[in-house]
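This report concerns only the one structure given below.
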Amino acid sequence: MLPIHQHLSQIAQLLEAKGTLVLEAEPGAGKSTAVPLSLLSATWLGGKKIVMLEPRRVAVKSIASYLAKQLGEAIGETVGYQIRNESKVSAKTKLEIVTEGVLTRRIQSDPELSDTALLIFDEFHERSIHADLALMLSQEIRLGFRDDLRILVMSASMDSEFVSEYLDRAPILACEGRVFPVETLYQASDNQPIAQQVSKALNYAMSAMPKGDALVFLPGQGDISRVYNLLKEQFVDEVELLTLFGAMPLNEQMHILNGGKGGLRRIILSTNIAETSLTIPNITIVIDSGLEKRINYDVKSGLSRLDTQRIALSSAVQRAGRAGRTQAGLCIRLWSSQEQTTFADFPKEEIMTTDLDGVVLELAKWGIARFNEANWLSAPPLLHFESAQTLNRQLGFLSDANKLTELGLKAHAIPAGPRLSAIKLAACNESERQVASILLAVLQERDLLLAPHSAQLLDRILVVLEGLQRQAIFGVRKNLVQQILQSIKSKSDAKPVESTYSPTELSELIARLLLVGFPDRIAKQSPSDRARYTLANGRGVRLKADDPLCKHDWLVVVDCDGQNKDGLIYLAEPVSEPVLLEKLQSHLVAEERWQLDATKEKLVGRRELRFQQLTVKSENLPAPSPKTFKKCVASLLNEEGLSLLNWNEQCVRWVARTNWLSQYLSDFPEINELTLVNSAAEWLLPYLPDVTNLKALKQVPIFGLLKSTLTWEQQQILEQEAPDNYETPSGTKVRIDYCNAAPTVAVRLQEVFGEVESSRIAGGRVALRYELLSPALRPLQTTSDLAHFWRNAYVEVAKEMRGRYPKHRWPEEPWLEKAGHSLKSRQPK
Numbered sequence: 001m002l003p004i005h006q007h008l009s010q011i012a013q014l015l016e017a018k019g020t021l022v023l024e025a026e027p028g029a030g031k032s033t034a035v036p037l038s039l040l041s042a043t044w045l046g047g048k049k050i051v052m053l054e055p056r057r058v059a060v061k062s063i064a065s066y067l068a069k070q071l072g073e074a075i076g077e078t079v080g081y082q083i084r085n086e087s088k089v090s091a092k093t094k095l096e097i098v099t100e101g102v103l104t105r106r107i108q109s110d111p112e113l114s115d116t117a118l119l120i121f122d123e124f125h126e127r128s129i130h131a132d133l134a135l136m137l138s139q140e141i142r143l144g145f146r147d148d149l150r151i152l153v154m155s156a157s158m159d160s161e162f163v164s165e166y167l168d169r170a171p172i173l174a175c176e177g178r179v180f181p182v183e184t185l186y187q188a189s190d191n192q193p194i195a196q197q198v199s200k201a202l203n204y205a206m207s208a209m210p211k212g213d214a215l216v217f218l219p220g221q222g223d224i225s226r227v228y229n230l231l232k233e234q235f236v237d238e239v240e241l242l243t244l245f246g247a248m249p250l251n252e253q254m255h256i257l258n259g260g261k262g263g264l265r266r267i268i269l270s271t272n273i274a275e276t277s278l279t280i281p282n283i284t285i286v287i288d289s290g291l292e293k294r295i296n297y298d299v300k301s302g303l304s305r306l307d308t309q310r311i312a313l314s315s316a317v318q319r320a321g322r323a324g325r326t327q328a329g330l331c332i333r334l335w336s337s338q339e340q341t342t343f344a345d346f347p348k349e350e351i352m353t354t355d356l357d358g359v360v361l362e363l364a365k366w367g368i369a370r371f372n373e374a375n376w377l378s379a380p381p382l383l384h385f386e387s388a389q390t391l392n393r394q395l396g397f398l399s400d401a402n403k404l405t406e407l408g409l410k411a412h413a414i415p416a417g418p419r420l421s422a423i424k425l426a427a428c429n430e431s432e433r434q435v436a437s438i439l440l441a442v443l444q445e446r447d448l449l450l451a452p453h454s455a456q457l458l459d460r461i462l463v464v465l466e467g468l469q470r471q472a473i474f475g476v477r478k479n480l481v482q483q484i485l486q487s488i489k490s491k492s493d494a495k496p497v498e499s500t501y502s503p504t505e506l507s508e509l510i511a512r513l514l515l516v517g518f519p520d521r522i523a524k525q526s527p528s529d530r531a532r533y534t535l536a537n538g539r540g541v542r543l544k545a546d547d548p549l550c551k552h553d554w555l556v557v558v559d560c561d562g563q564n565k566d567g568l569i570y571l572a573e574p575v576s577e578p579v580l581l582e583k584l585q586s587h588l589v590a591e592e593r594w595q596l597d598a599t600k601e602k603l604v605g606r607r608e609l610r611f612q613q614l615t616v617k618s619e620n621l622p623a624p625s626p627k628t629f630k631k632c633v634a635s636l637l638n639e640e641g642l643s644l645l646n647w648n649e650q651c652v653r654w655v656a657r658t659n660w661l662s663q664y665l666s667d668f669p670e671i672n673e674l675t676l677v678n679s680a681a682e683w684l685l686p687y688l689p690d691v692t693n694l695k696a697l698k699q700v701p702i703f704g705l706l707k708s709t710l711t712w713e714q715q716q717i718l719e720q721e722a723p724d725n726y727e728t729p730s731g732t733k734v735r736i737d738y739c740n741a742a743p744t745v746a747v748r749l750q751e752v753f754g755e756v757e758s759s760r761i762a763g764g765r766v767a768l769r770y771e772l773l774s775p776a777l778r779p780l781q782t783t784s785d786l787a788h789f790w791r792n793a794y795v796e797v798a799k800e801m802r803g804r805y806p807k808h809r810w811p812e813e814p815w816l817e818k819a820g821h822s823l824k825s826r827q828p829k
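So the sequence shown is numbered by UniProt numbering: it starts at 1 and just counts up by one.
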């Protein structure tokens, strides 16, 4: 008897009484199989069905098959299932197992779930984006339409309190798990490659556990391949080596769940697909790399990248639980116990790290247009939400108010996501619809080619078309091709007709269709690097250097690596400039761009058609008209500054005076180069004569325009409080320099004889600074306090200068002397 059996009656009672329940059952408890079967007899079902959600297709089919056998029936009778492109249900079906996306679509078509009494969310700790969305909508149904709809959330390792709170304090029931103990050992990596670590761990484990099979958790297919090659040499024919990952054909995945060859122990190399839901028979050894691959969406680039990262502690518990189902087990973790203290408790929710394009469309269909209108279990980043709304508006699925449009309603009816739905809706006739159907099928699966020499999507489409025409297929994943063929043959709008297109015509059609679904993925070739392209958002991407696509100027990039710099392009199709101009016509922005030529003496212009950050087409412009030239001057001033104008010394001095005075008079305007550039449209441009070139612009006197930035009263204040010149006691006018730290006047010392104290400006707030010069016009002293200078420093200066310049005046009391010439007057003989 499984541990869960003793709780089955309590589960039924709690669901009947409370309507919601969170079941926390450890690995091996039997929740996925025993609970749904036991609830089939619950009277409160009232003749309605149970729908159980599983995160993976292989889990759906495996559990459905097991449960049907338990009842002694074929699948499709009491127990049925539905996954993408495949369904086995009947009027007799009372327990239907589905993938999470299937439930969301069912809710949208029947918002009351009128034929359903209970929803079971299995393995909810995985927190897939579809599970979160389905639970959100289910809870809204329960609270708004169906208080008799019951919800059961199950997992071996989730934040039960958090989920309980979301379900209005649903009761939590805990159940112990595995029957047999699992010993856990830690093997530090010592910086060895994963393949060597796995080899070492298996050597020990296969000896320590002489019976049973081994399950090895690895991050991705690349690591699985490397470990497979090493173990193949290590164990030769002693074991059956198998691989398991999500992109494998479903029948191959199911084969692994059905046991192996007689007599040979199995070593199964798997991604995290085997972490939950699946029961692989006879596993007694688990080798855990502690790594997994997760998709992370970069909202800035609009691209996603597949990162290898540490698993959460809850995932480590799940993985260890795969052993010990039928006998005592062993789990070897390829990290140290010290490293484990840094693991997160639970993995990050998928809704936090992926794009929300499909979620936004689903919410719009549900009537939710704003972020804060959704009752999120875990609210995703707002920027991700807004980015998804932008894409859906661009595709025509949302209005400016983010409401579902008529086209959006049609797109929602296609179970393929917004981008692919747009492609399907763009097909105009039967043959185009067939190509679109093949395109959708290909883009929803892994690459059909085993060793592709090019990223061109056409190569993949031709493979499928050859399959339709029953021609030989080489170098491809044949099972996947057959799966796609079966899928498109089952669709009424994708009849297997002969292709009416040449490869060139077919490539153009593919590009036209892709432009509808991926308008933001247009990429322009770099003039300096034929393998490098720039996406419409400015992000760089790259082809392999020997890819034949490098001969094309423009691509539509469907799939690429969202690395921080120049991610590799996996799938793309070339597109011609005429097709770009035609398909993007409503999105193109016409701009005239003017700039200085290399000599900075001539203004040259180009008319550009731009899509986001890319120039699609450009042409030279003739010489600008006076009106255009004036507009150009405004932008050029921002780049080049006021030197473009007749900006002479008089202008520089005037700006320095006004800027300085504004620091001391609070009601006086601040005027400097920046404020003048920013306000050129007010003081300069309207008054420029009709000039059309820079040479003529340089001849335009602007000092009068510059002065007009001040009122007449302000100009008078400027002349009085920050004069351009200083008049010495002898009547000589000397220019004041306002560009220094303090306004400074450079003058021969004898010219200020009789000046008892320093002149003051700015309403008497600031003393003028004097740079006192020798007869040879060399600086002798700088002071802002003449009175102090005359009675102190001057004594030493005069003593030294009398010896050097004896013919010049150096009186004992200069403040009493008459200002003027430096030389002594000649005495009459």
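Note that CB positions come from ideal geometry on N, CA and C, so glycine has one too.
Going by DSSP, Ala-316 is part of the alpha helix (DSSP H) stretching over 313-320. Comparing alpha-carbon positions, the option among Leu-218, Leu-2 and Leu-694 lying closest to Leu-334 turns out to be Leu-218. Under the three-pair Cβ rule at 8 angstroms, the segment 348-368 does not count as touching the segment 273-289. When Ala-312, Ser-399 and Glu-77 are compared, the shortest CA-CA separation from Arg-370 is found for Ser-399. The C-alpha of Ala-722 lies about 32 angstroms from the C-alpha of Ser-635.
DSSP places Glu-727 in no alpha helix (DSSP H) but in the uninterrupted beta strand (DSSP E) bounded by 725-727. Residue burial is scored here from C-beta neighbours: Ser-109 has fewer than 16 other C-beta atoms within 10 angstroms and is therefore classed as exposed.
For Phe-789, the enclosing alpha helix (DSSP H) stretches over residues 786-791. Distances from the CA of Pro-622 to each of Ala-64, Glu-640, Leu-637 and Trp-594 were compared; the closest alpha carbon is that of Trp-594. Exposed is the label assigned to Arg-169, since fewer than 16 other Cβ atoms lie within 10 Å of its Cβ.
Under DSSP, Thr-308 forms a beta bridge with Lys-293.
Exposure of Leu-306 is indicated by the presence of fewer than 16 other C-beta atoms within 10 angstroms of its C-beta. In the displayed model, Trp-335 falls within coil according to three-state DSSP, outside both helix and strand. Following the DSSP letters along the chain, one finds Arg-769 inside the beta strand (DSSP E) bounded by residues 769-773. Annotation: Leu-14 to Ser-160 spans about 16 angstroms, alpha carbon to alpha carbon. Nearest neighbour of Glu-183 by Cα position, chosen from Arg-809, Ala-208 and Ala-195, turns out to be Ala-208. Taking a C-beta distance under 9 angstroms as the contact criterion, Leu-596 and Leu-694 qualify as a contact pair. When DSSP states are grouped into helix, strand and coil, Tyr-805 belongs to the coil group. Taken in chain order, the whole alpha helix (DSSP H) runs of length 4 or more contained in the segment 670-721 are 673-678, 680-683, 694-698, 703-707 and 712-721.
The three-state reading of DSSP puts Ala-134 in helix, counting H, G and I together. The three-state secondary structure of Arg-606, taken from DSSP, is strand.
Beyond the five residues adjoining it in sequence on each side, Ala-436 comes within less than 8 angstroms, by CB distance, of Ile-423, Lys-424, Ala-426, Ala-427 and Leu-513 in the same chain, given in chain order.
For Cys-632, the uninterrupted alpha helix (DSSP H) run begins and ends at 626-640, by DSSP. Rounded to whole angstroms, the gap between the alpha carbons of Ala-413 and Cys-632 is 50 angstroms. If you look at Cys-560, you'll find it in the beta strand (DSSP E) that goes 554-560. Under the three-state reduction of DSSP output, Ala-572 falls in the strand class. Here the C-alpha atom of Ser-759 lies approximately 60 angstroms from the C-alpha atom of Ala-590. Ile-256 and Leu-420 have their C-alpha atoms roughly 32 angstroms apart.
Comparing alpha carbon positions, the residue from Leu-95, Leu-665, Pro-415 and Ser-225 closest to Ala-195 is Ser-225. Note on geometry: alpha-carbon atoms of Arg-146 and Ala-134 lie some 15 angstroms from one another.
The beta carbons of Gly-19 and Arg-127 sit no closer together than 9 angstroms.
Distance from the CA atom of Met-206 to the CA atom of Gly-72, rounded to whole angstroms, is 37 angstroms. Non-local C-beta neighbours of Asn-638 in its own chain, meaning closer than 8 angstroms and more than five positions away in sequence, comprise Val-677, ordered along the chain. Linking Gly-220 to Asp-298 through their CA atoms gives a straight-line distance of about 21 angstroms. When secondary structure is reduced to three states using DSSP, Pro-3 falls in the helix class. Around the beta carbon of Met-52, 16 or more other beta carbons lie within 10 angstroms, which makes this residue buried.
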